[in-house]
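Single-structure report; data block below.
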Amino acid sequence: MSTGAGSTGAAVLELRGVTKTYGERPVLRGIDLELHEHRAVALIGASGSGKSTLMRCVDLLEEIDDGDILLDGEPMTVPGRNPVPFRRRLGFVFQAYNLFPHMNVMQNVVLGAVKGGGMKSADAHERGMELLGRFGLADRSRDYPDRLSGGQQQRVAIVRALVTQPRALLLDEVTSALDPELVGEVLGVIRELKHEGMTMLIATHEMSFARDVADEVCYLQDGRIVERGKPDQMFTAPRSADTQRFLSRLLDRG
Amino acid sequence: MASGAPLTTRQDRDAARRVRRRRAIAVSSLSTVVVLGGLAAFVLTSPGWPSVRRTFLSSSNFGHSIGHVAAGFWLDVRMFLVVEVVVLAAGLVIALIRVLDLPALFPLKILAVVFVDVMRGVPTILVVYLIGFGLPALQLTGVPTSAVVLGGLALSLCYSAYVSEVFRAGIESVHPSQGSAALALGLTRGQALRHVIVPQAVRRVVPPLLNDFISLQKDVALVSIIGPQEAFRVAQIFSDANFNYTPLIAAALLYLCVTIPLTRFVDHLQIRSLRERGGLLALGPH
Chain B
4 MSTGAGSTGA
14 AVLELRGVTK
24 TYGERPVLRG
34 IDLELHEHRA
44 VALIGASGSG
54 KSTLMRCVDL
64 LEEIDDGDIL
74 LDGEPMTVPG
84 RNPVPFRRRL
94 GFVFQAYNLF
104 PHMNVMQNVV
114 LGAVKGGGMK
124 SADAHERGME
134 LLGRFGLADR
144 SRDYPDRLSG
154 GQQQRVAIVR
164 ALVTQPRALL
174 LDEVTSALDP
184 ELVGEVLGVI
194 RELKHEGMTM
204 LIATHEMSFA
214 RDVADEVCYL
224 QDGRIVERGK
234 PDQMFTAPRS
244 ADTQRFLSRL
254 LDRG
Chain E
2 MASGAPLTTR
12 QDRDAARRVR
22 RRRAIAVSSL
32 STVVVLGGLA
42 AFVLTSPGWP
52 SVRRTFLSSS
62 NFGHSIGHVA
72 AGFWLDVRMF
82 LVVEVVVLAA
92 GLVIALIRVL
102 DLPALFPLKI
112 LAVVFVDVMR
122 GVPTILVVYL
132 IGFGLPALQL
142 TGVPTSAVVL
152 GGLALSLCYS
162 AYVSEVFRAG
172 IESVHPSQGS
182 AALALGLTRG
192 QALRHVIVPQ
202 AVRRVVPPLL
212 NDFISLQKDV
222 ALVSIIGPQE
232 AFRVAQIFSD
242 ANFNYTPLIA
252 AALLYLCVTI
262 PLTRFVDHLQ
272 IRSLRERGGL
282 LALGPH
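Chains B and E, in that order, give the protein sequences. First residue of the first sequence: 4, per this note's numbering; consecutive thereafter. First residue of the second sequence: 2, per this note's numbering; consecutive thereafter.
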């Protein structure tokens, strides 16, 4: 793992004017964003505002059309550059967990570390077991994903992303597919990671969670960051009329 | 309302259910007897039955030929086993060439598409004939001349085309999010295919693959037209010599000994995979 970047204050992740278009439809229109070590940035916004696309672009699962994304100061989005080594330095957790159904929990957890990260199998198992134990999954390591609840599956997916000790964790609406009573156990895990200093980019619909965990909140609308600020300011006194409308709609609903 | 006596009791319902079941058993037994009895009567009273019985169901002819036909059938089984392994490997390779979007593979991709179109479009018996007589006619060195090898090659070509389509459907049925998850873990595209996509695809296509293998097991008989003494060929030779077709019945029975257990096995797998996905619930409670 590279260290030292944090002490100079350089961003772990930096986005400069990131633009992405699907066919004729612009999805991201010039996103600027910095994510510093040990910090968490939450992306909020309606469905279709571009949150998930932004997350996928940062993990190089989508190619951007314009702009730059840098990891520890190193540009990742130079055309022709191999994305695989960069992806190995980032952890991604999906809304729908995306565990591999033909592998048991432990096989899911160590696959990336062993095949992608070149970790020794024994080391990966040991580290996986330790993480599973911490998140209350020690006795499930031999189970297949379909035997687990949604909350357990998502915790396994988080462990899977953590085994390789990523520089930053990208969490893409990780509680949106869960039954309400299972949301808490997953958010608890993320809170714990934040306390340990994990650097995180979080797309979420859970406003109280965003307020609780994030150091900065960005409101996305139509592929632009309309407003950004400290969580307290954003949720109590949003400056932009768009942010106000979005938040009051959420309050009305819930 | 709630305090009134119930309109029906549990005993009433159980009794009604018993009556319904008894009636169903009676109706199905009766119709079985009527249909099978009718068929038997129809065949046994037909004017040609005595001569059919003599030429197709002669026990002495059966006894004389069964050993030789079974020896021929052993060749069928061996060809089937070898061809099956070749077909599995070639089918998977062709499917991968077709689903991979690698520029370097583009010419192979075109070849694969043409190959599959041609092999699926031409009757298997024609391919056996053309390979069996056409390849040796080229008089190239290194080209096998054994009819068994050429026949096996022809069957491998035809069935690789079918099986590659089965594999391709399986690979395309794996949700793209599985590929995203594999890439996000830092796997290369090749590793994602090998460890995540292909294993899931293969599991899904086991029942249709076995179906293709049942029909391959039968189509091995087509190789007889270029000469090898497999079960059908041997049975034919005996029939022609004695003007009695019983050896063909013997060959048919040998095929059934393999294909019926295989078919049952496939049914079992299909039901199990349906049940795993909860699909059988839609068909009723039993």
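All C-beta atoms, glycine included, are put in the ideal place defined by N, C-alpha and C.
Nearest chain E C-beta to residue i closer than 8 Å, yes or no?
| i | result |
| --- | --- |
| B/H128 | no |
| B/K118 | yes |
| B/A99 | yes |
| B/R170 | no |
| B/F95 | yes |
| B/R143 | no |
Could you tell me which chain B residues have their CB closer than 9 Å to the CB of residue i, listed as they occur along the chain?
| i | result |
| --- | --- |
| E/Q201 | F103, P104, H105 |
| E/V197 | F103, H105, M106, L114 |
Is the distance from the Cβ of residue i to the Cβ of residue j below 8 Å?
| i | j | result |
| --- | --- | --- |
| E/H196 | E/L188 | yes |
| B/L254 | B/P241 | no |
| E/L97 | E/I132 | no |
| B/R143 | B/Q155 | yes |
| B/L63 | B/K54 | no |
| E/L223 | E/I126 | yes |
| E/I215 | E/L158 | no |
| E/L151 | E/I227 | yes |
| E/G180 | E/V206 | no |
| B/D149 | B/P104 | yes |
| E/Y256 | E/D213 | no |
| E/L211 | E/V267 | yes |
| E/V70 | E/P229 | no |
| B/V108 | B/V192 | no |
Show which residues of chain B have a CB atom less than 7 Å away from the CB atom of residue i.
| i | result |
| --- | --- |
| E/R204 | H105 |
Of the residues the options, which one's Cα is nearest the Cα of residue i?
| i | options | result |
| --- | --- | --- |
| E/F244 | E/L40, E/F63, E/P200, E/F168 | E/F63 |
| E/F116 | E/I67, E/G92, E/G133, E/R55 | E/G92 |
| B/V44 | B/L64, B/E17, B/N101, B/R252 | B/E17 |
| B/T22 | B/N111, B/H41, B/M58 | B/M58 |
| B/D35 | B/T246, B/V192, B/V61 | B/V61 |
| E/D77 | E/F233, E/L109, E/L194, E/A202 | E/F233 |
| B/V162 | B/L151, B/D146, B/V113 | B/V113 |
| B/I205 | B/D175, B/A49, B/P234, B/E27 | B/D175 |
| E/E85 | E/R11, E/L141, E/Y160 | E/Y160 |
| E/R99 | E/R205, E/V267, E/S165 | E/S165 |
| E/Q201 | B/M106, B/T56, B/D225 | B/M106 |
| E/A251 | E/P104, E/V235, E/D220 | E/V235 |
| B/A217 | B/A13, B/E195, B/V96, B/L31 | B/E195 |
| B/V186 | B/T178, B/G48, B/P88 | B/T178 |
| B/P234 | B/R42, B/R28, B/T56 | B/R42 |
Could you list which residues in chain E have their beta carbon closer than 8 Å to that of residue i, in chain order?
| i | result |
| --- | --- |
| B/T167 | L186, G187 |
| B/R150 | Neighbours of B/R150 on chain E: none; closest Cβ ~12 Å, over 8 Å. |
| B/V61 | Those do not exist, as B/V61 stays about 11 Å from chain E at its closest Cβ, beyond 8 Å. |
| B/R3 | This structure cannot speak to residue 3 of chain B, because chain B is shown only from 4 to 257. |
At a CB-CB cut-off below 7 Å, which residues of chain E make contact with residue i?
| i | result |
| --- | --- |
| B/D225 | Near B/D225 there are no residues of chain E at all, since even the closest Cβ is about 24 Å away, more than 7 Å. |
| B/D218 | Within 7 Å Cβ-Cβ: nothing; B/D218 doesn't reach chain E, min ~24 Å. |
| B/L64 | S181, L184, A185 |
| B/V87 | G187, T189 |
| B/R91 | G187 |
Under 8 Å between C-beta atoms, does residue i make it to chain B?
| i | result |
| --- | --- |
| E/S178 | yes |
| E/S60 | no |
Excluding sequence positions up to five away, which residues of its chain have a Cβ less than 7 Å from the Cβ of residue i?
| i | result |
| --- | --- |
| B/A180 | Q98, A99, G153 |
| B/R92 | L74, P169, R170 |
| B/T2 | No information on residue 2 of chain B is available, as it lies outside the stretch 4 to 257 that chain B covers here. |
| B/F212 | L190 |
Considering only residues of the same chain and omitting the five flanking positions on each side of residue i, which have a CB-CB separation below 8 Å?
| i | result |
| --- | --- |
| B/L141 | Checking the displayed sequence, the identity of residue 141 of chain B turns out to be Ala instead of Leu. Here the set comprises M132, L135. |
| B/V15 | A8, G9, L38, H39, E40, L74, D75, R170, A171, T202 |
| B/S243 | Y222, V229, E230 |
| E/R18 | none |
| E/T146 | P137 |
Given that residue i touches chain B, what residues does it touch there, using C-beta distances under 8 Å?
| i | result |
| --- | --- |
| E/Q192 | K118, G119 |
Going by beta carbon distance, what residues of the same chain come within less than 6 Å of residue i, once the five residues before and after it are set aside?
| i | result |
| --- | --- |
| E/G280 | With a pLDDT of 45 at E/G280, under the threshold of 50, the predicted position of this residue should be treated as unreliable, and no value is reported. |
| E/R11 | none |
| E/P209 | V167 |
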